[in-house]
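**Student:** The numbering of the sequence shown is my numbering, which starts it at 316 and goes up by one.
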Amino acid sequence: MITFPETFIQPHSCTNDCLPALPASSLHVDMNVTQQCLGALGESLAARHLMHDGWKIIARNFRTRYGELDLIALEPHNQLVFIEVKTRRANRSAEFGYPEEAVTRTKQIHLRRAESVWLSTHPRTFFSPEVRNDVVSITVFPDRIALHHFRGAF
Numbered sequence: 316m317i318t319f320p321e322t323f324i325q326p327h328s329c330t331n332d333c334l335p336a337l338p339a340s341s342l343h344v345d346m347n348v349t350q351q352c353l354g355a356l357g358e359s360l361a362a363r364h365l366m367h368d369g370w371k372i373i374a375r376n377f378r379t380r381y382g383e384l385d386l387i388a389l390e391p392h393n394q395l396v397f398i399e400v401k402t403r404r405a406n407r408s409a410e411f412g413y414p415e416e417a418v419t420r421t422k423q424i425h426l427r428r429a430e431s432v433w434l435s436t437h438p439r440t441f442f443s444p445e446v447r448n449d450v451v452s453i454t455v456f457p458d459r460i461a462l463h464h465f466r467g468a469f
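1) For T436, name the three-state secondary structure that DSSP assigns.
2) On the premise that L353 lies in contact with T419, defined as a C-beta separation below 8 Å, what is that separation, rounded to the nearest angstrom?
3) By alpha-carbon positions, which one of A468, Y381, Q423 and H367 ends up nearest to D449?
4) Run through DSSP, which three-state label would T379 get?
5) Excluding sequence positions up to five away, which residues of its chain have a Cβ less than 7 Å from the Cβ of H425?
6) Buried or exposed, going by whether 16 or more other CB atoms sit within 10 Å of the CB of E390?
7) Could you please give the first and the last residue of the uninterrupted beta strand (DSSP E) stretch that includes H463?
8) How many Å lie between D385 and D368 at the Cα?
9) Per DSSP, what kind of secondary structure is S452 in: helix, strand or coil?
Structural data, given as structure tokens:
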């Protein structure tokens, strides 16, 4: 688990990258943001975390009729990874469970179908043939943000 301590970020719009250029160790999210903006913030935070670890983000929010792929990335050793990002406020975890629990079997089936669409439309020359599915779970607390990266989640 990675925990980020205080410093306020109060986004004024829900763009695909709501996070300003701050060091990841000084993040705090306004607890009153909309669900849509909270999701965009979570995806941006996950992408920033992965890039800090040497990953290359090659696509974001790839939409298909089966659903959306949040992040598509290459690990430093060129393994292709599809990353589902789930973000939740801490006060909602008691009611709805941990963010990663929202990646149900049905959701996994839809994600795999969407991945097949992406793979069929992109050449495999720049990454290894192995493909993996990860989940990044982000929980927003009033005073910190907790991020868990589940490699090979399904």
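Think of the CB as a built atom: it goes at the ideal place given N, C-alpha and C, for glycine as much as any other residue.
All values reported here derive from a predicted model rather than from experimental measurement.
**Tutor:** This is what the structure holds:
1) Counted from its first residue, the sequence shown places residue 436 at position 121. T436 falls in the helix class under three-state DSSP.
2) Residue numbering aside, residue 419 sits at position 104 when the sequence shown is read from its first letter. Residue numbering aside, residue 353 sits at position 38 when the sequence shown is read from its first letter. With a Cβ gap of about 20 Å, T419 and L353 do not count as contacting.
3) By one-based count along the sequence shown, residue 449 stands at place 134. For the set A468, Y381, Q423 and H367, the Cα lying nearest the Cα of D449 is the one of A468.
4) Counting from one through the sequence shown, the residue named residue 379 turns up at place 64. Residue state, collapsed to three classes: strand.
5) The residue given as residue 425 occupies position 110 in the sequence shown. In its chain, beyond the 5 residues on either side, Y381 and G382 have a beta carbon closer than 7 Å to the beta carbon of H425.
6) Working through the sequence shown from its first residue, we reach residue 390 at position 75. Using a 10 angstroms sphere on the CB of E390, the tally of other CB atoms reaches 16 or more, which defines it as buried.
7) On the sequence shown, position 148 is the one that residue 463 refers to. For H463, the enclosing beta strand (DSSP E) has its first and last residue at I460 to F465.
8) Translated into positions along the sequence shown, residue 385 becomes position 70. Translated into positions along the sequence shown, residue 368 becomes position 53. Going by the C-alpha atoms only, they are around 18 Å apart.
9) Stepping through the sequence shown from its first residue, residue 452 is reached at position 137. Here S452 sits in strand by DSSP.
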